[in-house]
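Line by line, the protein sequences are chains A and B.
The first sequence maps to residues 0 to 180 in numbering that gives the first Met the number 0.
The second sequence maps to residues 0 to 546 in numbering that gives the first Met the number 0.
In this text, a Cβ means the ideal position worked out from N, Cα and C, and glycines have one as well.
Keep in mind that this is a model prediction, so the values were computed, not measured.
Read the structure below first, then the notes.
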Amino acid sequence: MVGTVHAVISQVKPYITALVVAIFAAGGVQADESAALDREIDAIESEVASLSQTLFELEESVLYPADTQVAVFLALKDKEGLALDSVELYLNGSPVSSHLYTDRERESLRKGGIQRLYIGNLPHGGHQLKAVLTARSANERFIRREVRHQFRKRPGESRIQMTLDAAAPDYEPVVSFQEWE
Amino acid sequence: MQEWIRKLNPTRCFALVLALISHSSVLAQTGHPDLDLGIARFAEHNGQSAEALWYTQTPESEAESLVRARALINTGRQSQAVELLDRLIDGDYYRGEAALLRSDLIEDNPAETERLLTLASEKGHGEIRQRALYQLADMARTGDRPERAGQILATMDPGYWAALGYMNIAADYGKRDLNPSRALISLRVALAMAEEDPDRRRGEALKARLLVRAGLLAYEAGDYDKAISFLEKVALESYSTPQGLYLHGLALSAKGNQRDAMQSWHRAKKYPLAFAGVAEAWLGTGRGYDLTGYLGQAGEAYLAASASYESERVTLRKLADLVRDKGAFEALVSGAGETQTEWFLADSRMLTQPRSAYLLRFMENADAQAAVGRVSTLETQLDRMAQQERTLTVFQGVLSERLKESSGQAGISDAFRDRFEATLKRISGAKDAASAGSPEAKRLDQLALTLADVKDSANLFGPRLAQRDQTLRRLSGRIEKALVSLRQNRQRARQALDSANADLDRRVLAYVNAEADRMVTALEKAEQQIAHLYEYLALQNLKQGAP
Chain A
0 MVGTVHAVIS QVKPYITALV VAIFAAGGVQ ADESAALDRE IDAIESEVAS LSQTLFELEE
60 SVLYPADTQV AVFLALKDKE GLALDSVELY LNGSPVSSHL YTDRERESLR KGGIQRLYIG
120 NLPHGGHQLK AVLTARSANE RFIRREVRHQ FRKRPGESRI QMTLDAAAPD YEPVVSFQEW
180 E
Chain B
0 MQEWIRKLNP TRCFALVLAL ISHSSVLAQT GHPDLDLGIA RFAEHNGQSA EALWYTQTPE
60 SEAESLVRAR ALINTGRQSQ AVELLDRLID GDYYRGEAAL LRSDLIEDNP AETERLLTLA
120 SEKGHGEIRQ RALYQLADMA RTGDRPERAG QILATMDPGY WAALGYMNIA ADYGKRDLNP
180 SRALISLRVA LAMAEEDPDR RRGEALKARL LVRAGLLAYE AGDYDKAISF LEKVALESYS
240 TPQGLYLHGL ALSAKGNQRD AMQSWHRAKK YPLAFAGVAE AWLGTGRGYD LTGYLGQAGE
300 AYLAASASYE SERVTLRKLA DLVRDKGAFE ALVSGAGETQ TEWFLADSRM LTQPRSAYLL
360 RFMENADAQA AVGRVSTLET QLDRMAQQER TLTVFQGVLS ERLKESSGQA GISDAFRDRF
420 EATLKRISGA KDAASAGSPE AKRLDQLALT LADVKDSANL FGPRLAQRDQ TLRRLSGRIE
480 KALVSLRQNR QRARQALDSA NADLDRRVLA YVNAEADRMV TALEKAEQQI AHLYEYLALQ
540 NLKQGAP
C-alpha cells in the first residue's frame, strides 16, 4: 500500500513541481508588469511636472507683465505664537484674495515657508493694501486684526512681504511689511 | 487748489499708460534667495512641485537644493534628484535628511542602503533620525538579526517610529515563541512609545492596533484577565475597534461572563461585516444565549446571523457586478468618496459604511495600496493635463488676438507727450504755490515721483513695442510645442490607466470573491449551529414525551 502511494507521488511530483514553477513564474510576470507600469507612471508624472513648469512660466509671462506686477507674500516670524485661520486681502478697498488655512499650510508656514497670497497687476502710483487676519493664539484666544499698508507701485516687479509675529507672553499679533525691490 | 490737486488722481490719469506698458516676461526668480527659498518651501510642502522647481532653478544654498531634490522626487525625476542629494550628503547642513531621501532611491543594494541610513541616523535630527533608526532596525530584523534590531530600537526616542519598531519585533516573537511573554513585553514598550507621538491621531490609531494584538496574544495564552485589560482600552472610534470588541467578548465568555460578552459582540455587530471579528460576533451572540440556557433566543440569534450573511452575499455580488461594469476604482474608491490611501486613519463615518469598509480592508494589503495608488495617480495626472490643455488653449487664443491687433498699434503719441509735459508743469506750478512741508506739497512730491516713473516706462515703451510681435510669436510657439507634448502624454497616460485599471479590477474581484467565500463559511457555521440546536430541542422533546 505504502509502495503504491510512493509510486503515485513519484509520478505526480514532476507535474506538481511544474505547477509550482508556473505559479511562481506567473507571480514573477505580474510583478514585472507592475514594475514596468510603475516606471511608465513615473515617466508620465515627470512629463506632467515639466508641462506644469512650462505652464507656470507662461502664466507668469502672459498674465503678469513685469512692469505692472504686484505680488503679496506672507511669512511667520514667531513659529508657535499663532495658528492662522484665514487671511483676506484688499487692494484699494477691493477684495483681491482670501485664503482659509489647512493644517498642512500652517505647518509649512511654521517651517519657514512663504506663501504667495496674491499676484496681479496695478498701475504706477500710490495704493493701499489692507489685510484682515483671523487666528488662534497660543494662549487660546481668537484674534481678528486689520492692518493697512500704503505703497507706491514703481516700474518693475513689486513684492510686498507681510510678516506676522506674535511673541509670548501675550501673543499679540504684529504685522510688519517689507517691500522687496 | 486742493480741488485742482484732486483732479490729478494718478490712477485715473495713468490708466492709459497701463494699457500701453510692455508685456515683457517675468521669467526670473525674485532675485532674493531668502524669498525664493521660502516660496519654494511652501509650494513643495503643499504639493505644488512646479512652483517649487521654478523658484529653485539655480539653487544657491543647500536648503534650496534640498527643496528642489524633494520636488524632483515628487515629480518622478529621481535621477536628477540623486545628483543633488549626493552633493548634499557631502555638504554641511542637510547630510542626514539627504542620506535618508537617497536611501529610499536605492534598489537591491542593502549594504549601501544601510550605510546611508546609518549616516542619516548619525547626522539627522528629530523625525529624520528616528525614521532612519527605525529603518535600520527593520533591516536588522528582516535580516534575522533580532538582537541588533533590539539594540537599535533601544537608542531611539519615544514616539511613533520606536513604537512601530517594537510592534514589528513583537510580531516576530509572537510567531517564534510558544510563550507570549517576550511579545507582550515588546507590545507594552510599543504602547508606551506610541503615547509620546506628538501626532495624536496617528498615535491613537497605532495604540488601538497594539492593544488588539496584545489582547489576542494574551487570550491565546489563556490569560483572559490580561486580555480583557488590554482590549477594554481600545478606543471606540478606531479601525481596530470591531476586532477588539469581538476579542473582548471572547475573553469575557471564556471567563464565564456571557452577559457582558454578548454586550461586546452586540456592539461589534453594529460595524459592517467586512471588518475582522464582526461575522464571528454575530455567531458569538447565538453561542452566548446557548451557554446561558436561552435556547429560543440562541436560535433567533443564529437565524439573524444567517440572514445578515445572506444579505452580505447579495451586497458582495452587487459590488462584483459594479466592479465588472464600472471598474474597481469607480466602484470602490471614487464611489466611497475616498481617494486617500491612509486606510489606518479611518474616521467613524468610514467605519460604518459597508463599501468604505471593504475598501479599507482591501487597502490593508501593500500591493493593493500600490494598485489603487497607480490608478489614482494617473487619474490625477489626466485631470491636471485636461486643465493644462484648457489653459494653454486660452493663452493661445489670447496671443493670436494680440498678434492680430498689434500691427495697427502706434507708439507713444505726441498728444500723450504734450499731456505729460502739461501735467508736469501744473505740478511744478502748484508746488510753487504750496507752502514747503505742507501736506499738499508732500502729495505733489508723490505725484511728481509717479510721473517720473511713468516717463521712464514711456521711454522704454518704443523699443519694447518693436519687440512685441517677436515676443508674442515666441510665446505662441512655446504654447504650441507644449500642447503637442501634452497631447502625446495624455495618450500615454490613458494607455497606462487602462493597464492599471485592469490590474486593480483583477485584484478587487479576487478580494470580493474571497470575502464572499468567507460569508459562505460563516453562513454554513450558523446553519450548523441552528441544526444542532433543533436536534437538541427535538431530543429534549422526545425525552420529555417518553413515559
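> Where do the ends of the alpha helix (DSSP H) carrying V507 (chain B) lie?
Replying inline: Taking the first residue of the second sequence as position 1, residue 507 (chain B) is located at position 508. That run of the alpha helix (DSSP H) goes P438 to G544.
>> Let me make sure I understand the geometry here. Which of B:A501, B:R383 and B:L471 has the alpha-carbon closest to that of G326 (chain B)?
In response: Numbered from its first residue, the second sequence carries residue 326 (chain B) at position 327. Of the listed residues, the one whose Cα sits closest to G326 (chain B) is B:A501.
> How would you label Y533 (chain B), buried or exposed, when you count the other beta carbons within 10 angstroms and need 16 or more for buried?
Replying inline: Along the second sequence, one-based indexing puts residue 533 (chain B) at 534. Result: exposed.
> Within 9 Å (strictly less), CB to CB, does V313 (chain B) reach chain A?
Replying inline: In the second sequence, counting from the first residue as 1, residue 313 (chain B) sits at position 314. With 9 Å as the cut-off, V313 (chain B) does not count as an interface residue toward chain A.
> Which runs of the alpha helix (DSSP H), 4 residues or longer, sit entirely within the segment 345-398 of chain B?
Replying inline: Look at the segment 345-398 of chain B and you find these whole runs of alpha helix (DSSP H), each 4 residues long or longer: 347-351 and 353-361.
> What are the residues that DSSP puts in a beta bridge with F176 (chain A)?
Replying inline: Position 177 of the first sequence holds residue 176 (chain A). Answer is A:M161.
> Of all Cβ atoms in chain A, is any one closer than 9 Å to the Cβ of F573 (chain B)?
Replying inline: No answer is possible for residue 573 (chain B): it lies beyond the span of chain B, which begins at 0 and ends at 546.
>> Does the segment 156-164 of chain A come into contact with the segment 486-497 of chain B, if we say contact requires no fewer than three beta-carbon pairs (one atom in each stretch) closer than 8 Å?
In response: Segments in contact, no.
>> What are the residues in the segment 180-206 of chain B lying within 9 Å of chain A by C-beta distance?
In response: From the segment 180-206 of chain B, no residue has a Cβ closer than 9 Å to chain A.
> Taking 9 Å as the CB-CB limit, is A21 (chain A) close to chain B?
Replying inline: To locate residue 21 (chain A), count along the first sequence from 1; it is residue 22. With a pLDDT of only 46 at A21 (chain A), under the threshold of 50, the placement of this residue in the model should not be trusted; the figure read from the coordinates follows. For A21 (chain A), not one C-beta of chain B is nearer than 9 Å to its own C-beta.
>> Run through the DSSP bridge pairs and tell me what H126 (chain A) is partnered with.
In response: Residue mapping note: residue 126 (chain A) aligns to position 127 of the first sequence, counting from 1. H126 (chain A) is bridged by DSSP to A:F150.
> How close, in whole Å, do the beta carbons of G547 (chain B) and I127 (chain B) come, if the pair is a contact with beta carbons under 8 Å?
Replying inline: Any property of residue 547 (chain B) remains undetermined from this structure, which presents chain B solely from 0 to 546.
> Does the beta carbon of V47 (chain A) come closer than 9 Å to any beta carbon on chain B?
Replying inline: In the first sequence, the residue the question calls residue 47 (chain A) occupies position 48. At least one beta carbon of chain B lies nearer than 9 Å to the beta carbon of V47 (chain A).
> Which of the three DSSP states, helix, strand or coil, is assigned to V66 (chain B)?
Replying inline: Taking the second sequence and counting its residues from 1, the one referred to as residue 66 (chain B) is at position 67. Here V66 (chain B) sits in helix by DSSP.
> At a Cβ threshold of 9 Å, is E139 (chain A) touching chain B?
Replying inline: For the purposes of this step, residue 139 (chain A) is identified with residue 140 of the first sequence, where counting begins at 1. With 9 Å as the cut-off, E139 (chain A) does not count as an interface residue toward chain B.
> For R144 (chain A), which beta-bridge partners are listed by DSSP?
Replying inline: In the first sequence, the residue the question calls residue 144 (chain A) occupies position 145. The secondary-structure analysis by DSSP pairs R144 (chain A) across a beta bridge with A:L132.
>> Just checking: is the beta-carbon of P154 (chain A) within a distance shorter than 9 Å of some beta-carbon in chain B?
In response: Here residue 154 (chain A) is taken as the residue at index 155 of the first sequence, counted from 1. Contact of P154 (chain A) with chain B is assigned, a C-beta pair being separated by under 9 Å.
> How is E236 (chain B) classed by DSSP in three states: helix, strand or coil?
Replying inline: In the second sequence, counting from the first residue as 1, residue 236 (chain B) sits at position 237. Here E236 (chain B) sits in coil by DSSP.
>> Based on DSSP bridge pairs, tell me the residues matched to G119 (chain A).
In response: Position 120 of the first sequence holds residue 119 (chain A). Paired residue(s): A:V69.
> Three or more beta-carbon pairs under 8 Å between the segment 352-368 of chain B and the segment 502-519 of chain B, yes or no?
Replying inline: A contact exists between the segment 352-368 of chain B and the segment 502-519 of chain B.
> Curious, which full-length alpha helix (DSSP H) runs of at least 4 residues does the segment 114-176 of chain B contain?
Replying inline: Correct list: 125-141, 145-153 and 159-175.
>> List, in chain order, every chain A residue whose beta-carbon is nearer than 8 Å to that of R477 (chain B).
In response: On the second sequence, position 478 is the one that residue 477 (chain B) refers to. Correct list: T53 and L57.
>> Counting only beta-carbon separations shorter than 9 Å, does Q380 (chain B) have a partner in chain A?
In response: The count along the second sequence starts at 1 and reaches residue 380 (chain B) at position 381. Chain A contact via Cβ: present.
> Just by C-beta distance, which residues in the segment 87-114 of chain A are closer than 9 Å to chain B?
Replying inline: Within the segment 87-114 of chain A, the qualifying residues are N91, T101, R103, E104, E106, S107, L108, K110, G111, G112, I113 and Q114.
> Which residues in the same chain as L230 (chain B) place their Cβ atom closer than 6 Å to its Cβ, once the five residues preceding and following it in sequence are excluded?
Replying inline: Start at 1 with the first residue of the second sequence, and residue 230 (chain B) comes out as number 231. Close CB contacts of L230 (chain B) within its chain, under the 6 Å cut and outside five residues either way in sequence, are with G214, G243, L246 and H247 (chain order).
>> Considering just the uninterrupted stretch of the alpha helix (DSSP H) at L290 (chain B), what are its terminal residues?
In response: As a working note, residue 290 (chain B) is residue 291 in the second sequence. From DSSP, the alpha helix (DSSP H) with L290 (chain B) extends over V277 to T291.
> Helix or strand or just coil, what does DSSP make of Y170 (chain A)?
Replying inline: Here residue 170 (chain A) corresponds to residue number 171 of the first sequence, with the count starting at 1. Y170 (chain A) falls in the coil class under three-state DSSP.
> Of all the options A:G80, A:L128 and A:D66, which has the alpha carbon lying nearest to the alpha carbon of G92 (chain A)?
Replying inline: Walking along the first sequence from the start, residue 92 (chain A) turns up at place 93. Closest option to G92 (chain A), judged by alpha-carbon separation, among A:G80, A:L128 and A:D66: A:L128.
> In or out: V374 (chain B) buried (at least 16 other Cβ within 10 Å) or exposed?
Replying inline: The sequence position of residue 374 (chain B) within the second sequence is 375, counting from 1. So V374 (chain B) ends up on the buried side.
> Ordered along the chain, which non-local residues of its own chain (more than five positions away) have a Cβ less than 8 Å from that of L135 (chain B)?
Replying inline: What you label residue 135 (chain B) is simply residue 136 of the second sequence in a count that begins at 1. Residues of the same chain with a CB within less than 8 Å of the CB of L135 (chain B), apart from the 5 flanking positions on each side, are E113, L116, T117, S120 and I151 in chain order.
> For chain A, is any of its Cβ atoms less than 9 Å away from the one on Q445 (chain B)?
Replying inline: Taking the first residue of the second sequence as position 1, residue 445 (chain B) is located at position 446. Answer yes: the Cβ-Cβ gap between Q445 (chain B) and chain A drops below 9 Å somewhere.
> Rounded to a whole number of angstroms, what is the C-alpha to C-alpha distance between A297 (chain B) and L209 (chain B)?
Replying inline: Along the second sequence, one-based indexing puts residue 297 (chain B) at 298. Along the second sequence, one-based indexing puts residue 209 (chain B) at 210. L209 (chain B) has its alpha-carbon roughly 33 Å from the corresponding atom of A297 (chain B).
> With C-beta atoms as the reference, is V95 (chain A) less than 9 Å away from R158 (chain A)?
Replying inline: On the first sequence, residue 95 (chain A) is found 96 positions in, with the first residue counted as 1. On the first sequence, residue 158 (chain A) is found 159 positions in, with the first residue counted as 1. Not closer than 9 Å, so no.
>> Measuring only the C-alpha atoms, how far is L377 (chain B) from A220 (chain B)?
In response: Along the second sequence, read from residue 1 onward, the residue named residue 377 (chain B) stands at position 378. Along the second sequence, read from residue 1 onward, the residue named residue 220 (chain B) stands at position 221. Rounded to the nearest whole angstrom, the CA to CA distance from L377 (chain B) to A220 (chain B) is 47 Å.
> By a C-beta neighbour count over all protein chains shown, 10 Å radius and 16 as the cutoff for buried, is L541 (chain B) buried or exposed?
Replying inline: Within the second sequence, residue 541 (chain B) is the residue found at index 542, counting from 1. By the neighbour-count criterion, in which a residue is buried when 16 or more other Cβ atoms sit within 10 angstroms of its Cβ, L541 (chain B) is exposed.
> On the three-state DSSP scale, how would you describe Q621 (chain B)?
Replying inline: Outside the displayed span of chain B (0 to 546) sits residue 621 (chain B), for which this structure offers no information.
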